[in-house]
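K.L.:
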Amino acid sequence: MVKNGETRVQARVTAIESPGSEGDKWKRTKYVMKTEDNEMENEEPLMTTEELHVSMENFREDKKAKMKNKESDIKTRKLEFCKEKFSEVKAKLKRNKSPFMHLN
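FYI, UniProt numbering numbers position 82 of the sequence shown as 82, with every residue one higher than the one before it.
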């Protein structure tokens, strides 16, 4: 019975999450799934196939450039480490220089 000033609203629920902690969904009716499929078919794609290929190619090139930079950084660090060790060994030899070293 509708009281004065109230209106009835009829609505269809398309998806409900169950009270489970993982957010499992209740089984959906075939009508709801078909409606969702139709909505997806009617949507325009976010990008064309050509744009996707260009985007993928740009991503590959960026990744290659990053890898080259990373390799370059690693080589630079190795070179700096070797220079440091060489300087340490050289300084150590100078400190421990024996007067008879020129005879060897």
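Quick reminder that beta carbons are idealized off the backbone N, C-alpha and C, glycines included.
At the level of alpha carbons, what is the spacing between Phe86 and Asp73?
P.N.:
20 angstroms
K.L.:
Within a Cβ cutoff of 8 angstroms, which residues of the same chain sit near Glu84, ignoring the five residues on either side of it in sequence?
P.N.:
Excluding sequence neighbours, Glu84 sits near nothing in its chain.
K.L.:
Which residues bound the alpha helix (DSSP H) around Asn69?
P.N.:
49-95
K.L.:
Roughly how many whole angstroms lie between the Cα atoms of Ser21 and Phe81?
P.N.:
Per-residue confidence for Ser21 stands at a pLDDT of 48, beneath the threshold of 50, marking its modelled position as unreliable; the derived number appears in the next sentence. Distance between the alpha carbons of Ser21 and Phe81: 52 angstroms.
K.L.:
Distance, Cα to Cα, Lys63 vs Glu44?
P.N.:
Using only the alpha carbons, I get a separation of about 29 angstroms.
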